[in-house]
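Written below as structure tokens is the structure these notes are about.
Residue numbers (UniProt numbering): 1 to 327.
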């Protein structure tokens, strides 16, 4: 039965009312967010969204899938990457950005296909929450650190645990592969950095640094480890040394949290603001995040055009933006 014009108008006004109420804060702060954040985070069947969807930011090539209706939407309806039943503590891209690994408070790691949103693997074996995940440079392996004080190395394709590295006395706060994937560096709340042989599982070096290390990256030669507490010299030395530096370039820390990379001077890619209210572009707030979608953890792809958010709800959001957008 065809709806009357009066009914259509009534439904449009009702939808507009919910649209404005839900996105009021974003629109008050930045009116153009009515065509950005509000379009993206409104349900699929919103009449306002349907009327103005041609105003969707043209440089967003991948965005979260939303539910059909407002009632579902306000109940945290995101369906794109869903499967963890506790908060997400770490997210990371594979080096070709085709997959995302997420570590959760439910003690598991999930591997996701970024194109389809399908969960490819669930890696189980840690005895506590997973704090850090990273892909090897050929993306064939995943390393994870946990509150159970261990690091595990996994086969990305089969989900098998290849190594369990034990030696830290407190929660592991970060893990990273060397470029040839022969070593893993781990930081811990026990205030040490350990270097591990990924083939034998042996601990090769231990360095006390005075604080937990949350971000680290090997240089291409494997002779230095760049961290957020300084630079560790590893070249042919049984005892690594730490050089404390406030001037480690953002380009040297290839494994960065989105919030840190986006705040680095001169950074021109996408990231997350320090208050986690915005996806940023360069130094500017760009896309407002409603409260239900603000991340606990986040990561920027190496290209600088993709952002992954891990939310307290256990959902993972992927955004990808067109490169070299002039606007």
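Glycine is no exception: its CB is placed at the ideal position from the N, C-alpha and C atoms.
Over what stretch of residues does the beta strand (DSSP E) that includes residue 24 continue unbroken?
For the purposes of this step, residue 24 is identified with residue 24 of the chain shown, where counting begins at 1. Note, residue 24: premise wrong, no beta strand (DSSP E); alpha helix (DSSP H) at 5-29.
Based on the DSSP output, what are the partners of residue 270 in its beta bridges?
Working through the chain shown from its first residue, we reach residue 270 at position 270. According to DSSP, which records beta bridges pairwise, residue 270 is partnered with 281.
Bounding residues of the alpha helix (DSSP H) (the contiguous stretch that carries residue 111)
Residue 111 sits at position 111 when you count from the first residue of the chain shown. Per DSSP, residue 111 belongs to no alpha helix (DSSP H); it is in the beta strand (DSSP E), 108-113.
If you draw a straight line from the alpha carbon of residue 15 to that of residue 49, how long is it in whole angstroms?
Against the chain shown, residue 15 aligns to sequence position 15. Against the chain shown, residue 49 aligns to sequence position 49. Rounded to whole angstroms, residue 15 to residue 49 spans 9 Å at the Cα level.
For residue 38, the first and last residue of its enclosing alpha helix (DSSP H)
Walking along the chain shown from the start, residue 38 turns up at place 38. Start and end: 37-40.
Spatial distance of residue 270 from residue 89 (CA atoms)
Stepping through the chain shown from its first residue, residue 270 is reached at position 270. Stepping through the chain shown from its first residue, residue 89 is reached at position 89. Cα to Cα, residue 270 sits roughly 20 Å from residue 89.
In chain order, what are the residue ranges of uninterrupted beta strand (DSSP E) at least 3 long that sit wholly in the UniProt repeat "WD" (123-164)?
130-135, 141-146, 150-155
Run the CB neighbour count on residue 96, radius 10 Å, all protein chains shown included, and call it buried at 16 or more, exposed below.
What you label residue 96 is simply residue 96 of the chain shown in a count that begins at 1. Residue 96 is exposed by the Cβ-count criterion.
Is it the case that the Cβ atoms of residue 153 and residue 145 are separated by a distance below 8 Å?
The residue you call residue 153 lines up with position 153 of the chain shown. The residue you call residue 145 lines up with position 145 of the chain shown. Cβ distance not < 8 Å, so residue 153 and residue 145 don't count as in contact.
Cβ neighbours of residue 47 in the same chain (closer than 7 Å, five flanking residues each side left out)
By 1-based counting over the chain shown, the position of residue 47 is 47. Around residue 47: 11, 12, 15.
Express the C-alpha separation of residue 185 and residue 229 in angstroms, rounding to a whole number.
In the chain shown, the residue the question calls residue 229 occupies position 229. In the chain shown, the residue the question calls residue 185 occupies position 185. If I take the Cα positions, the gap works out to 14 Å.
Same chain only: Cβ atoms within 8 Å of residue 86, ignoring 5 sequence neighbours per side
Taking the chain shown and counting its residues from 1, the one referred to as residue 86 is at position 86. If we look at residue 86 and ignore the five residues flanking it on each side, its Cβ neighbours are 104, 105, 106, 129, 314.
Here's a check: name, in chain order, each residue in its chain whose Cβ is nearer than 6 Å to the Cβ of residue 168, leaving out the five neighbours to either side.
Numbered from its first residue, the chain shown carries residue 168 at position 168. The beta carbon of residue 168 lies closer than 6 Å to those of 149, 188, 190 in the same chain, with the five residues before and after it left out.
In terms of residues, what are the limits of the alpha helix (DSSP H) holding residue 50?
Residue numbering aside, residue 50 sits at position 50 when the chain shown is read from its first letter. Looking at the DSSP string, the run of the alpha helix (DSSP H) that includes residue 50 is 47-52.
If you drop the 5 nearest sequence neighbours on each side, which residues of the same chain put their C-beta closer than 7 Å to that of residue 281?
By 1-based counting over the chain shown, the position of residue 281 is 281. Excluding positions up to five away in sequence, the list reads 270.
Please go through the same chain and pick out, in chain order, the residues whose beta-carbon is closer than 6 Å to the beta-carbon of residue 159, but skip the five residues on each side of it.
Walking along the chain shown from the start, residue 159 turns up at place 159. Answer for residue 159: 121, 123, listed in chain order.
Would you tell me roughly how many angstroms separate the C-alpha atoms of residue 155 and residue 108, rounded to the nearest one?
Within the chain shown, the letter at position 155 stands for residue 155. Within the chain shown, the letter at position 108 stands for residue 108. Taking the straight line joining both Cα atoms gives about 14 Å.
Indicate the three-state DSSP secondary structure (helix, strand or coil) for residue 65 in the structure shown.
The residue given as residue 65 occupies position 65 in the chain shown. Reduced to three states, the DSSP call for residue 65 is coil.
Return the CA-CA distance between residue 39 and residue 24, expressed in angstroms with no decimal places.
By 1-based counting over the chain shown, the position of residue 39 is 39. By 1-based counting over the chain shown, the position of residue 24 is 24. Looking at the two C-alpha atoms, the distance is approximately 13 Å.
Straight-line gap, residue 285 to residue 52 (C-alpha atoms, nearest Å):
As a working mapping, residue 285 is identified with position 285 in the chain shown. As a working mapping, residue 52 is identified with position 52 in the chain shown. Rounded to the nearest angstrom, the two C-alpha atoms are 22 Å apart.
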